[in-house]
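Residues in the sequence shown are numbered consecutively from 17, following full-length UniProt numbering.
Notes follow the structure.
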Amino acid sequence: NADVVPQAPEDPLFGLMAAYRKDTDSKKVDLGIGAYRDDNAKPWVLPVVKAADDLLRKDPDLNHEYLPIGGLADFNFASQKLILGKDSAAIQDKRVISLQTISGTGAVHLGSAFISRFYNPQSAEAKAIYCSSPTWANHNQIITNVHLPVKTYPYFSKETKGLDFDGMIKAIESAAEGSVILLHACAHNPTGVDPTRDQWTKIAHVMRQKRHFPFFDCAYQGFASGSLSTDAWAINYFVDQGFELMIAQSYAKNFGLYGERAGCFHFVAAPSANAQDEVARVGSQLAILQRSEISNPPAYGARIASMVLNDDKLFSQWEEDLRTMSGRIISMRKALKSKLDELETPGKWDHITEQIGMFSFTGLNEQQVGKLREKFHVYMTKNGRISMAGLNTKNVEYFAKALDSVVRE
Ligand code: PMP
């Protein structure tokens, strides 16, 4: 009987969104939202998505049939090329298996479910997924749901507001051999702090020594630097080093296809004579997992993305749209930093322009976050993370002054 079901807490992020919607103050600012907003604080349908949508709707053969279990083949293949590069040796060797998923969340889930079911490391201790501390909050729930322990490696240094590289490396070094390490491919959520290329090289070196299993979560390709290949650099470095690895790829942010749930999961086998056979077997099991959980993925978002990814002209238009989004975010970082400089706000704020991607970890504490909300109608997550996309030319000064005020209190 339902009496035994305890009340669950509200999802913090969705709770924040609801509180923002209820607030009737005209000055309110939403910095919690994990979605791009234009300079008028409005959702932005990418012009390239609109163009693809128009083309799609003109297609007389369009129907609403089921996709195959693994999703739209053209989409999957284009997704491989996007993340691994057109000339990827792994693709040429046919050692990549890809399934379309329910956006990035579904891809993280499918990879975690696969680990839970089939990963068989030498020591039971290694059958766990290591996440950065902090990480995207949903990682913990997704991994726990498939009955795997979540372990953590240090990531963010409160002192420098940058990467705690030594802490991270030490934790990865001391993890049981063959542990699964979840890594954010770029634009780390929530901190906006990424390892440098040199640091990635060192991370790969330790992971190779410890025979760890990399699981990349890539939710912001093209969104961080504005260049698709730059943002996939870390993944490709690991692939080139011959790792067997998994990738969760989301098209929510970079296509603005949030609610359409377009994403892809990739398993890349290490180069070997058995690699093709391996991916065939892995793929057959992934298909069973997928069938039992979602039967087959949703079509609309994947059709839009596939159309853009497979057409040179639309693809360049997409790159332009990505630069519009990443460019506006970078300009908001600069604007916020210069307003804080002008106000001579106590503290160091260089991290605002040093961090990349959609989010910034401001370093504000929970109390300050609470004051920003009560006094200034500014909404952000309790950990002090702000979504740069919520800032625009009309509210950045207001926010800088509000921040200045709570810091001085
Ligand atoms: N991973 C990370 C790190 C994210 O920030 C997000 C988006 N918030 C996702 C995965 C997945 O998002 P979605 O399911 O909307 O693609």
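Idealized CB from N, CA, C, for every residue including glycine.
Alpha helix (DSSP H) containing residue i: first to last residue?
i	result
LEU32	28-38
ARG53	First-last for ARG53: undefined, no H or E at that position.
ARG307	291-309
ASP90	89-100
PHE239	From DSSP, PHE239 is part of no alpha helix (DSSP H); its letter is neither H nor E.
LYS355	328-359
TRP277	Checking the sequence, you will find Arg at residue 277 rather than Trp. Here ARG277 belongs to no alpha helix (DSSP H), and DSSP marks it neither H nor E.
HIS367	366-370
ILE219	213-225
LEU419	412-424
By DSSP's criteria, residue i is part of a beta bridge. Which residues make up the other side?
i	result
LYS110	The partner list for LYS110 (beta bridge, DSSP) is empty, contrary to what the question assumes.
SER148	TYR169
ASP46	TYR395
GLN116	CYS280
LEU179	PHE172
Would you check if the distance between the CB atom of residue i and the CB atom of residue j is smaller than 9 Å?
i	j	result
GLY208	PHE375	yes
GLN265	SER95	yes
ALA142	VAL196	yes
ALA203	ASP210	yes
PHE271	ALA321	yes
LYS167	ALA191	yes
MET348	MET404	yes
ASN408	LEU83	no
GLY299	GLY87	no
ALA105	ASP293	no
PHE231	GLY373	no
ASN252	LEU98	no
ALA278	ALA248	no
ARG227	GLY275	no
Can you tell me which of the three DSSP states residue i falls into?
i	result
ALA264	strand
LEU78	coil
VAL284	strand
ASP41	coil
SER403	strand
ALA248	coil
PRO314	coil
PRO63	helix
VAL162	coil
ALA187	helix
ASN270	helix
GLU193	coil
LYS143	coil
ALA68	helix
ILE320	helix
GLY86	coil
GLY258	coil
ASP19	helix
TYR135	coil
PRO380	Per the sequence shown, residue 380 should be read as Leu rather than Pro. In this structure, LEU380 counts as coil in the three-state DSSP scheme.
Under DSSP, the beta strand (DSSP E) around residue i begins and ends at which residues?
i	result
HIS200	196-200
ILE233	One point to set straight first is that residue 233 is Asp, not Ile, in the sequence displayed. ASP233 -> beta strand (DSSP E) spans 229-234.
PHE377	375-377
Is it the case that the CB of residue i approaches a heavy atom of the ligand ADP more closely than 8 Å?
i	result
ASP210	Annotation note on the ligand ADP: not contained in the displayed structure, which lists the ligand PMP as its ligands.
Exercise for the section: Report yes or no: do three or more beta-carbon pairs, one from the segment 364-373 and one from the segment 388-400, lie closer than 8 Å? Expected result: no
Exercise for the section: Examine the Cβ distances between the segment 112-132 and the segment 80-97 and report whether three or more of them are shorter than 8 Å. Expected result: yes
Problem - the segment 285-297 touching the segment 319-333, judged by at least three CB pairs closer than 8 Å - result: no
Practice task
Tell me, please, whether the segment 169-181 touches the segment 121-138 by the rule of three or more beta-carbon pairs shorter than 8 Å.
Solution key: no
Exercise for the section: Would you be able to state if there are at least three C-beta pairs under 8 Å between the segment 30-48 and the segment 389-398? Expected result: yes
Practice task
Kindly confirm or deny that the segment 333-346 and the segment 49-62 touch, where touching means at least three C-beta pairs closer than 8 Å.
Solution key: yes
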